[in-house]
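Note sheet for the following structure.
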């Protein structure tokens with residue numbers, strides 16, 4: 108069975124990536140293959156990495172409040188590249204009022220500070236697209 112491939116990205120100008128690194132390690136420890144793109148990624152860079160890495164999941168870590176600007180662009184780019192089956196999850200400071208808006212554009216998992224790591228791991232395992240097995 109192939110490992111779930113996860114691209115973890117820190118979009119925008121937010122320079123705090125400790126949480127993203129903690130999540131990346133937890134997902135790796137859970138048996139997933141994790142690609143961390145680093146700080147200050149544009150939506151174009153994030154979707155490009157997902158395409159290049161054949162990602163099953165994109166995890167966005169956003170603390171800057173720019174989620175309502177960044178997430179719609181990421182989702183549009185995924186559709187343009189025919190990657191709309193990639194599971195998109197977001198973690199960070201997300202006001203309650205924005206959660207339904209993010210879900211409406213296709214963000215499947217939204218995790219606020221303090222979310223248990225196991226909850227994130229279980230969500231990804233339960234919601235990732237099935238992979239075609241290599242012949």
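In the numbering used here, the protein residues as written are 108 to 242.
Just so you know, even glycine gets a beta-carbon here, dropped at the ideal spot from N, CA and C.
- Beta-bridge pairing by DSSP links residue 165 to 114, 195.
- In this structure, the beta-carbon distance from residue 138 to residue 110 falls below 9 Å.
- Put simply, of 120, 181, 204, 201 the residue whose alpha carbon is nearest the alpha carbon of residue 195 is 181.
- Residue pairing from DSSP places residue 217 in a beta bridge opposite 197.
- Around the CB of residue 131, 16 or more other CB atoms lie within 10 Å, so the residue is classed as buried.
- The region 182 to 189 makes no contact with the region 216 to 226; the number of CB pairs closer than 8 Å stays below 3.
- Note that the region 201 to 214 does not touch the region 118 to 133; fewer than 3 beta-carbon pairs, one per stretch, sit closer than 8 Å.
- Residue 160 carries a coil assignment under DSSP once its states are collapsed to helix, strand and coil.
- Between the alpha carbons of residue 133 and residue 224 lies a gap of roughly 7 Å.
- Boundaries for residue 235: no beta strand (DSSP E) harbours it, and the DSSP string shows neither H nor E there.
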